[in-house]
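**Student:** This is the structure I have questions about; it appears just below.
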Amino acid sequence: MIFIILFSDSLKLLDKVIAVVNDEPIFYSELEEAYKSTTLQENDSIKNEILKNFIKQRVILVLAKNDSSLSVSEEEFKNFSKNYIDNIYFQYGRIEIFNKIQSLGINPNDTIEIRKILKSYEIPDSLISFSDPELANKVFLFVGKKIFDEELKRNNLTIKEFIENQREFIKKQILIQKFISKYIVPEITITEDEIRNFYEIHKDSFPKQPNIYYLEQIVIPVPASFEQEEKAYDKIKGVYKRLQKGENFEKLAKKFSDDSIIELGWLKKNYLSQFLSQDLILEIFSTPKGSWTRPIRTPLGYNIFKIDDKSSDSVKISHILIKVKPSKEDIEKAREKVLVILENAKKNFEETAKENSFAPTEIGYVPENAIPNDLKPYFKDVKENSIIGPIYKDGFYLILRVKQFIPEKITKYEDVIEQIKFILMNKKIEEKISDIYEKNKNKVLIKIYK
C-alpha cells in the first residue's frame, strides 16, 4: 500500500522528531529513508510531500488504534516482517547499484561496464539480465541483503533482533493496512471505462518492448608485441614502487588505472579460476589483508590487487590495471587468425567458442537499448542465427551470434489492464485518505517542528 515507507531507526545513532500526530512521532530518519528510496537527487518539494503523507499516515494510525475491531496477530506480524525485510533489501540494493553507476560516470546503457559492477557483488550469472524486470528485482534483493547484513553486523545486530526492534513500527503498519482494507478499499470501484480512458490518455507513455537479442559470444584476446608489453610493465612497475614507498593505493589507482572501477568487491576462487592460473590465485589468497600483490599479468594487462578482506573461498579486492594495448600492427595481424575462427563459427558456433573463446559463451537476453552505442551499427537488420563480427574492442576481437531475436512490441491495452488497475486503485486510496485526513485533522493534535 502507498503508506508502507521503510526506515531503520534502530540503526541510527542520532535522530530527531520532526512532527507529532497525537502521541505518534515522525522521525527525521523516516523522512530521509523514504526520500532516498524515492529519488537520488535533492528536491525539497518532494521532502515536503513525503512529510505531508507521513502526517496523513499518522492520522490513519490514530483512527486504527482507536478501532477495537482492528488488531494484529503474531502470525500476521511474522508474515508482514518477511515482506518488510525484503523491501528493505530491495531499496538498499537499488540505491547501492544506482549510486555506484552514477559515481563512476557509467552510461546506464553500457551493459559491459554494468555487468562488471554486478559481478563485483558476486551476483550469479543466472540473475544477470538486461531485459527481465523480475531478474533485475532479484539482483536488487541479492545486493541489498549483502549491504544490509553488513550494516547489521557493524551494529552488532542479528536480523531477528532488528525485526524485534521494529516490532511496534511493523504492527502499526499492519494496522494501517487493515484500516485501509476494511474502510477504504470496499468503497472504491474501478470501471472498465476508467481503465480504457487512462490507457488512451497515457498510451504513449507505456514503454514499447524494444528488440531483444539472445546473444552468444566468442572473445579472442589480441596478443601485443614485446614493445607494448614492456611499455605496460614499466608503467605498472613504477606504480608498484610508489606503493612500496607508502603512497595511497586508492589515489594511485585513480591516477593511473585504466579501469574506472577500483573496488572489484568479493570474488570467489571458482570465478577467478576462469581467468587466472591456480598459482596466481594462491598468490592472491596468500597476500595479507590490507596489503597488495606484485604486478600480475592477467588477460587484460598488468594488475596489482589490494586485499581488502578475505575468507576461505572468497577475496574482496581493489585493483590497479595497466592495460597492454596492442598496436595497429598487432590488431591487423590477429585479424587474419580471427577471420579463420569466424568461418569456423559459421559452421559450428558452440564448438568454435569452446576451442577459442577467452570468456563464457552465453551473454543472455539483451534489449536493443542496452547495447553499447559503438556496437549498435552491427545490429542493423540482423536476424535469428546471424553472426556478427569480427569487432575489435579494447584488446579483444568479438564474434557474436544472435541465437534468438524477439522483435519490438508495442504495449497493447490487454497487456497493461492490471497495471492500470493498480495505479488507479492507489490514486483512489490516496484521495480517500486525504478526505479522511481533512475530516479528522481538527480532532487530533498535529505539531510540525522546523
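Just so you know, our numbering puts 18 at position 18 of the sequence shown, and the rest follows in order with no gaps. Where is the CB? At the ideal position from N, CA and C, for every residue including glycine.
Quick one: Cα of LEU13 to Cα of ASN165, how far?
**Tutor:** On the sequence shown, position 13 is the one that residue 13 refers to. On the sequence shown, position 165 is the one that residue 165 refers to. Per-residue confidence for LEU13 stands at a pLDDT of 37, beneath the threshold of 50, marking its modelled position as unreliable; no derived number is given.
**Student:** Apply the 10 Å Cβ neighbour rule to ARG58 and answer buried if 16 or more other Cβ atoms are within range, or exposed otherwise.
**Tutor:** To locate residue 58, count along the sequence shown from 1; it is residue 58. Classification of ARG58: buried, given that the 10 Å Cβ count is 16 or more.
**Student:** Pick out the complete alpha helix (DSSP H) segments inside the stretch 359 to 415, 4 residues or longer, and give them in chain order.
**Tutor:** Qualifying alpha helix (DSSP H) stretches: none in this window.
**Student:** Could you give the first and the last residue of the continuous beta strand (DSSP E) run that contains VAL21?
**Tutor:** Position 21 of the sequence shown, counted from the first residue, corresponds to residue 21. Here the beta strand (DSSP E) through VAL21 covers 17 to 21.
**Student:** Taking 8 Å as the cut-off, decide whether the C-beta atoms of ILE188 and VAL143 are in contact.
**Tutor:** Sequence index remark: in the sequence shown, residue 188 carries index 188 (1-based). Sequence index remark: in the sequence shown, residue 143 carries index 143 (1-based). In this structure, VAL143 does not lie closer than 8 Å to ILE188 by Cβ.
**Student:** Check whether the Cβ atoms of PRO326 and ALA224 lie closer than 8 Å to each other.
**Tutor:** Position 326 of the sequence shown holds residue 326. Position 224 of the sequence shown holds residue 224. A contact, by the Cβ cut-off of 8 Å.
**Student:** I think GLU216 touches THR352, with their Cβ atoms under 8 Å apart; what is that distance to the nearest whole Å?
**Tutor:** Reading the sequence shown from its first residue, position 216 is the one you call residue 216. Reading the sequence shown from its first residue, position 352 is the one you call residue 352. The Cβ separation is near 11 Å, so there is no contact.
**Student:** So is HIS319 buried or exposed if we call it buried at 16+ other beta carbons inside 10 Å?
**Tutor:** In the sequence shown, the residue the question calls residue 319 occupies position 319. Its Cβ being crowded by 16 or more others within 10 Å, HIS319 is buried.
**Student:** In whole angstroms, what separates the C-alpha of ASN99 from that of ILE448?
**Tutor:** The count along the sequence shown starts at 1 and reaches residue 99 at position 99. The count along the sequence shown starts at 1 and reaches residue 448 at position 448. Taking the straight line from one Cα to the other gives about 31 Å.
**Student:** Out of curiosity, what's the CA-to-CA distance linking PRO372 and ASN211?
**Tutor:** Here the question's residue 372 lines up with position 372 in the sequence shown. Here the question's residue 211 lines up with position 211 in the sequence shown. So the alpha carbons of these two residues sit roughly 14 Å apart.
**Student:** Under the rule that 16 or more other beta-carbon atoms within 10 Å means buried, what is LYS138, buried or exposed?
**Tutor:** Translated into positions along the sequence shown, residue 138 becomes position 138. Classification for LYS138: buried.
**Student:** Between the beta-carbon of ILE218 and the beta-carbon of ILE399, is there less than 8 Å?
**Tutor:** Indexing the sequence shown from 1 puts residue 218 at position 218. Indexing the sequence shown from 1 puts residue 399 at position 399. Going by C-beta atoms, ILE218 is nearer than 8 Å to ILE399.
**Student:** Which residue from ILE95, TYR397, GLU74 puts its Cα closest to that of TYR35?
**Tutor:** Here residue 35 refers to the residue found at position 35 when the sequence shown is read from its first residue. Per the Cα distances, ILE95.
**Student:** Determine the direct distance from the alpha carbon of GLU194 to that of ILE55, and round the result to whole angstroms.
**Tutor:** For the purposes of this step, residue 55 is taken as residue 55 along the sequence shown, with counting starting at 1. For the purposes of this step, residue 194 is taken as residue 194 along the sequence shown, with counting starting at 1. Taking the straight line joining both Cα atoms gives about 30 Å.
**Student:** DSSP has ARG115 in a bridge; who is on the other side?
**Tutor:** By 1-based counting over the sequence shown, the position of residue 115 is 115. According to DSSP, ARG115 bridges with nothing at all.
**Student:** Where LYS254 and ILE106 are concerned, what is the direct C-alpha to C-alpha distance, given to the nearest angstrom?
**Tutor:** Locating residue 254 in the sequence shown gives position 254, counting from the first residue. Locating residue 106 in the sequence shown gives position 106, counting from the first residue. Near 15 Å, if we compare the C-alpha coordinates of ILE106 and LYS254.
**Student:** Since VAL315 and PHE285 should fall inside the 8 Å C-beta cutoff, what is the C-beta to C-beta distance between them, to a whole number of angstroms?
**Tutor:** Here residue 315 corresponds to residue number 315 of the sequence shown, with the count starting at 1. Here residue 285 corresponds to residue number 285 of the sequence shown, with the count starting at 1. Rounded, the Cβ-Cβ distance is 6 Å, consistent with contact.
**Student:** In chain order, what residues of the same chain lie with their CB nearer than 8 Å to the CB of GLU250, ignoring the 5 residues before and after it?
**Tutor:** Translated into positions along the sequence shown, residue 250 becomes position 250. Excluding residues within five positions, the ones whose Cβ falls inside 8 Å are ILE262, SER318.
**Student:** Taking the alpha-carbon of SER205 as reference, which of TYR413, LEU445, ALA136, SER273 has the nearest alpha-carbon?
**Tutor:** Within the sequence shown, the letter at position 205 stands for residue 205. When only C-alpha atoms are compared, the closest one is TYR413.
**Student:** Secondary structure at ARG294, three-state DSSP: helix, strand or coil?
**Tutor:** Your numbering for residue 294 matches position 294 in the sequence shown. Residue state, collapsed to three classes: coil.
**Student:** Can you look up LEU6 in the DSSP assignment and give me helix, strand or coil?
**Tutor:** Taking the sequence shown and counting its residues from 1, one reaches residue 6 at position 6. A caution first: LEU6 carries a pLDDT of 36, below 50, which makes its placement in the model too unreliable to give a value.
**Student:** Just to confirm, is the Cβ distance from VAL382 to TYR199 under 8 Å?
**Tutor:** If you number the sequence shown from 1, residue 382 lands on position 382. If you number the sequence shown from 1, residue 199 lands on position 199. Result no, Cβ atoms of VAL382 and TYR199 do not sit closer than 8 Å.
**Student:** According to DSSP, is VAL219 part of a helix, a strand, or is it coil?
**Tutor:** Counted from its first residue, the sequence shown places residue 219 at position 219. VAL219 falls in the strand class under three-state DSSP.
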